[in-house]
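2 protein chains.
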Amino acid sequence: MRKLAVVLLSGGLDSATAASWVLSEGWEAMALSIDYGQAHRRELLSAKAVAEALNIPRQSADARFFASLAQHSALTGSALHALPEGRAVEEMANGDIPITYVPLRNSVFLTLAAAALESWALGLIETERCDPRSLKAGIVIAANALDYSGYPDCRPEFYAAAKRMLNLGAKLYTQYGVEIELLTPLIDLSKADIVRLANRLKAPLGLTWSCYAGGEKPCGVCDSCQLRAKGFLEAGLADPALA
Amino acid sequence: MRKLAVVLLSGGLDSATAASWVLSEGWEAMALSIDYGQAHRRELLSAKAVAEALNIPRQSADARFFASLAQHSALTGSALHALPEGRAVEEMANGDIPITYVPLRNSVFLTLAAAALESWALGLIETERCDPRSLKAGIVIAANALDYSGYPDCRPEFYAAAKRMLNLGAKLYTQYGVEIELLTPLIDLSKADIVRLANRLKAPLGLTWSCYAGGEKPCGVCDSCQLRAKGFLEAGLADPALA
């Protein structure tokens, strides 16, 4: 049985942990990093470093047009919104979707990952290098329903619907019977759990980048920096990226 | 009630007809054209001309990375496959998915259209220019289950699954209750029916481009040229693009 996984690798703590996890589970992995015009472009350098440290090939997708398509967010439409400090956390507490929500981001990312995965798998099947009956295919996304409960595309029911759409639209499933699995290893974990898991798997956390701001060093005050710091604190570990 | 629609406009006969249809149904439309590295790049010029003729704004998305991501197709991976003449039709007759299948193309297109649509709608709602209770939002895709029965992402059950995924991942639906509709006005029509509909709606068919080959004029022999010619023939009309 060959197990092929495309890992969405942003360069952050969560996706580096998810990538380490899928390798530990015996999958062959390829990383996919997506440049969607994010203000925190520093994370793309981290994605490259993490893929190298894990010794997995990486494709990079230039999807910068996505920023103009979906400019209604604090993460891409920098002219429209100043980046909020703590505001996203506050909005989630109110049951609202945070201002850092990027329209359909995870939907776009999953679909691109599925296209890369299908292309990889069809390339093996249709050149007879792999029998579809002994092939598994998966997409790994480091979504988390606990800390990001405010984002609709971080919820389990979204992933169930996504799995159905991606398979019904894919030759890999409809012709060859290989069902694309959506692997969300972090979906129910707290940030402290993720830090502990990363530590156990020896994920290269020192190379990761979480800050939403575009600076040289993590700002320490944005939602993402605060969540990360809280995770390390609760796990009782030091953040190697701050060493 | 404001009705906002994003129309996927390739520049072909079908999408020009679908765009004319949605305008005739009273929607405000914006066109989205996607450059995915298709060999038949001529159609992108047609998309521009069609949008101008219909007097609707158009966004163009540079998704050429998609060609490298999803190179397992005769339509994008020109080094891998020669473009087949009649082969796709033959494969569909055998119940197989044609070689011109592009991995997850319609899934990627729908997701990008949904992101553009959501961005447009949220921009109106969150600046209080529009009450979500008096807003409809739709994506128009000229998919056709009859002539393209071989493509999994042209089937009605795929669109039902896509609608669910796109809404569950969207703030527009999960927070504001505006359900993204997927409008597939051509799904059950024959090519002759589409030509007749276009004729009735005065769609600018003379500006459209259907040929899969990359030439100056339609090749007349590829699957797409043959389907188009057959449609005009059966509808008893002359193709204005050949005038």
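Going line by line, the protein sequences match chains A and B.
So in our numbering, spot 151 of the first sequence is number 254, and the numbers just go up one at a time.
So in our numbering, spot 147 of the second sequence is number 250, and the numbers just go up one at a time.
From the three backbone atoms N, C-alpha and C, an ideal C-beta is built for every residue, glycine too.
Whether Ala295 of chain A touches Leu213 of chain A by CB criterion (7 Å) = As a position in the first sequence, residue 295 of chain A is number 192, starting the count at 1. As a position in the first sequence, residue 213 of chain A is number 110, starting the count at 1. Cβ atoms of Ala295 of chain A and Leu213 of chain A: not closer than 7 Å.
request  = Name, please, each residue of chain A whose Cβ falls closer than 9 Å to the Cβ of Leu269 of chain B.
outcome  = Along the second sequence, one-based indexing puts residue 269 of chain B at 166. Residues of chain A passing the Cβ test: Leu207, Ser210, Ala264 and Met268.
task = Put Gln329 of chain B into one of helix, strand or coil per three-state DSSP.
result = As a working mapping, residue 329 of chain B is identified with position 226 in the second sequence. In this structure, Gln329 of chain B counts as helix in the three-state DSSP scheme.
query = List, in order along the chain, the chain B residues whose C-beta lies closer than 7 Å to that of Leu172 of chain A?
reply = For the purposes of this step, residue 172 of chain A is identified with residue 69 of the first sequence, where counting begins at 1. Here the neighbours are Gln162, Ala164, Leu215, Ala218, Ala219 and Ser222.
query = Taking Cβ-Cβ distances shorter than 7 Å, what residues in chain A pair up with Tyr204 of chain B?
reply = The residue labelled residue 204 of chain B in the question sits at position 101 within the second sequence. Under the 7 Å cutoff, chain A gives Lys274.
key: Rounded separation between Ala119 of chain A and Cys328 of chain A - CA only   = Start at 1 with the first residue of the first sequence, and residue 119 of chain A comes out as number 16. Start at 1 with the first residue of the first sequence, and residue 328 of chain A comes out as number 225. Cα to Cα, the separation comes out at about 16 Å.
query = Between Leu147 of chain A and Ser113 of chain A, what straight-line distance do the alpha-carbon atoms span, to the nearest angstrom?
reply = Counted from its first residue, the first sequence places residue 147 of chain A at position 44. Counted from its first residue, the first sequence places residue 113 of chain A at position 10. About 7 Å.
request  = Flag this pair as yes or no: are the beta carbons of Ala246 of chain B and Thr287 of chain B separated by less than 7 Å?
outcome  = As a first step, residue 246 of chain B is located in the second sequence; it is residue number 143 there, counting from the start. As a first step, residue 287 of chain B is located in the second sequence; it is residue number 184 there, counting from the start. A contact, by the Cβ cut-off of 7 Å.
query = So which residues on chain B does Glu260 of chain A lean against when the C-beta distance must stay under 7 Å?
reply = As a working note, residue 260 of chain A is residue 157 in the first sequence. Near Glu260 of chain A (Cβ distances below 7 Å), the residues of chain B are Leu271.
request  = For Ala338 of chain A, count neighbouring Cβ atoms within 10 angstroms of its own Cβ and tell me buried if that reaches 16, exposed if not.
outcome  = The count along the first sequence starts at 1 and reaches residue 338 of chain A at position 235. Counting Cβ neighbours within 10 Å, Ala338 of chain A comes out buried, since at least 16 surround it.
inquiry  = Between which two residues does the alpha helix (DSSP H) holding Met268 of chain B run?
reply    = If you number the second sequence from 1, residue 268 of chain B lands on position 165. Run containing Met268 of chain B: Pro259 to Leu271, per the alpha helix (DSSP H) assignment.
ask   = Can a CB atom of chain B be found closer than 7 Å to the CB of Phe335 of chain A?
value = Residue numbering aside, residue 335 of chain A sits at position 232 when the first sequence is read from its first letter. It does not; no Cβ of chain B falls within 7 Å.
request  = Report back the beta-carbon spacing between Ala240 of chain A and Ile283 of chain A to the nearest angstrom; my notes put them in contact at under 8 Å.
outcome  = Position 137 of the first sequence, counted from the start, is the residue given in the question as residue 240 of chain A. Position 180 of the first sequence, counted from the start, is the residue given in the question as residue 283 of chain A. Contact flag correct, Cβ pair sits at about 5 Å.
task = Give the secondary structure of Pro187 of chain B by DSSP, where H, G and I count as helix, E and B as strand, and everything else as coil.
result = Counting from one through the second sequence, the residue named residue 187 of chain B turns up at place 84. Bear in mind that the predicted position of Pro187 of chain B carries a pLDDT of just 45, short of 50, making it unreliable; the figure below should be weighed with that in mind. Looking at Pro187 of chain B - three-state DSSP - the assignment turns out to be coil, as it is neither helix nor strand.
message = Taking the alpha-carbon of Gly115 of chain A as reference, which of A:Cys314, A:Tyr279, A:Cys322 and A:Pro343 has the nearest alpha-carbon?
response = Indexing the first sequence from 1 puts residue 115 of chain A at position 12. Closest by alpha carbon: A:Cys314.
Ile244 of chain A, DSSP secondary structure in three states = The residue you call residue 244 of chain A lines up with position 141 of the first sequence. Residue state, collapsed to three classes: coil.
Secondary structure of Ser149 of chain A, DSSP reduced to three states = For the purposes of this step, residue 149 of chain A is taken as residue 46 along the first sequence, with counting starting at 1. Ser149 of chain A: helix per DSSP, three-state reduction.
request  = For Glu229 of chain B, write down the residues that DSSP places opposite it in a beta bridge.
outcome  = Indexing the second sequence from 1 puts residue 229 of chain B at position 126. The partner list for Glu229 of chain B (beta bridge, DSSP) is empty, contrary to what the question assumes.
Simplified DSSP state of Ala182 of chain B, which is helix, strand or coil = As a position in the second sequence, residue 182 of chain B is number 79, starting the count at 1. Confidence is the limiting factor: at Ala182 of chain B the pLDDT is only 34, short of 50, which leaves the residue's position unreliable, though a coordinate-based value still follows. In the structure shown, Ala182 of chain B sits in coil (DSSP, three-state: anything other than H, G, I, E or B).
key: Burial state of Gly129 of chain B, where buried means 16 or more other Cβ atoms lie within 10 Å   = As a working mapping, residue 129 of chain B is identified with position 26 in the second sequence. Exposed, because fewer than 16 other Cβ atoms sit within 10 Å of the Cβ of Gly129 of chain B.
request  = Please find out if some non-hydrogen atom of the ligand COA comes closer than 6 Å to the beta-carbon of Gly280 of chain A.
outcome  = Within the structure as shown, the ligand COA is missing, as the structure has no ligands at all.
According to DSSP, residues forming a beta bridge with Met133 of chain A = As a first step, residue 133 of chain A is located in the first sequence; it is residue number 30 there, counting from the start. Per DSSP, A:Val109.
query = For Ala121 of chain A, which option in A:Pro343, A:Thr311 and A:Leu271 has the closest C-alpha, if you only look at C-alpha atoms?
reply = For the purposes of this step, residue 121 of chain A is taken as residue 18 along the first sequence, with counting starting at 1. It is A:Thr311.
key: Residue range of the alpha helix (DSSP H) that includes Glu123 of chain A   = Reading the first sequence from its first residue, position 20 is the one you call residue 123 of chain A. It is worth fixing the name first, because residue 123 of chain A is Ser in this sequence and not Glu. Taken as a continuous stretch (DSSP letters only), the alpha helix (DSSP H) holding Ser123 of chain A covers Leu116 to Ser127.
inquiry  = Please state the DSSP three-state secondary structure of Arg161 of chain B.
reply    = Here residue 161 of chain B refers to the residue found at position 58 of the second sequence. If DSSP states are grouped into helix, strand and coil, Arg161 of chain B belongs with the strands.
query = Among the residues of its own chain, which have a CB less than 6 Å from the CB of Ser237 of chain A, if the five just before and after it don't count?
reply = As a working note, residue 237 of chain A is residue 134 in the first sequence. Only Met104 meet the Cβ criterion.
query = Is Phe261 of chain B closer than 7 Å to Gly272 of chain A when the C-beta atoms are compared?
reply = In the first sequence, counting from the first residue as 1, residue 272 of chain A sits at position 169. In the second sequence, counting from the first residue as 1, residue 261 of chain B sits at position 158. Yes, these two residues count as a Cβ contact at 7 Å.
inquiry  = Using 7 Å as the threshold, is the C-beta distance between Ala248 of chain A and Leu135 of chain A below it?
reply    = Residue numbering aside, residue 248 of chain A sits at position 145 when the first sequence is read from its first letter. Residue numbering aside, residue 135 of chain A sits at position 32 when the first sequence is read from its first letter. Contact: no.
inquiry  = Just to confirm the assignment, what range does the beta strand (DSSP E) spanning Leu286 of chain B have?
reply    = Indexing the second sequence from 1 puts residue 286 of chain B at position 183. Where Leu286 of chain B is concerned, the enclosing beta strand (DSSP E) stretches over Ile283 to Leu286.
query = Would you call Lys274 of chain B buried or exposed, if buried means 16 or more other Cβ atoms sit within 10 Å of its Cβ?
reply = On the second sequence, position 171 is the one that residue 274 of chain B refers to. So Lys274 of chain B counts as buried.
query = In terms of residues, what are the limits of the alpha helix (DSSP H) holding Val205 of chain B?
reply = Residue numbering aside, residue 205 of chain B sits at position 102 when the second sequence is read from its first letter. That residue, Val205 of chain B, is in no alpha helix (DSSP H); it is neither H nor E in DSSP.
task = Assign Leu340 of chain B to one of three DSSP states: helix, strand, or coil.
result = Numbered from its first residue, the second sequence carries residue 340 of chain B at position 237. Coil at Leu340 of chain B, not helix or strand.
ask   = What does a CB cutoff of less than 6 Å around Leu330 of chain B pick up in its chain, not counting 5 residues either side in sequence?
value = Taking the second sequence and counting its residues from 1, one reaches residue 330 of chain B at position 227. Here the set comprises Asp250 and Lys294.
Neighbour-count burial assignment, Leu326 of chain A, 16 or more Cβ in a 10 Å radius = Here residue 326 of chain A refers to the residue found at position 223 of the first sequence. Rather than Leu, the amino acid found at residue 326 of chain A in this sequence is Asp. Buried is the call here.
task = Could you check if Ala346 of chain B is buried or exposed, using at least 16 other CB atoms within 10 Å of its CB as the buried criterion?
result = Locating residue 346 of chain B in the second sequence gives position 243, where the first residue counts as 1. So Ala346 of chain B counts as exposed.
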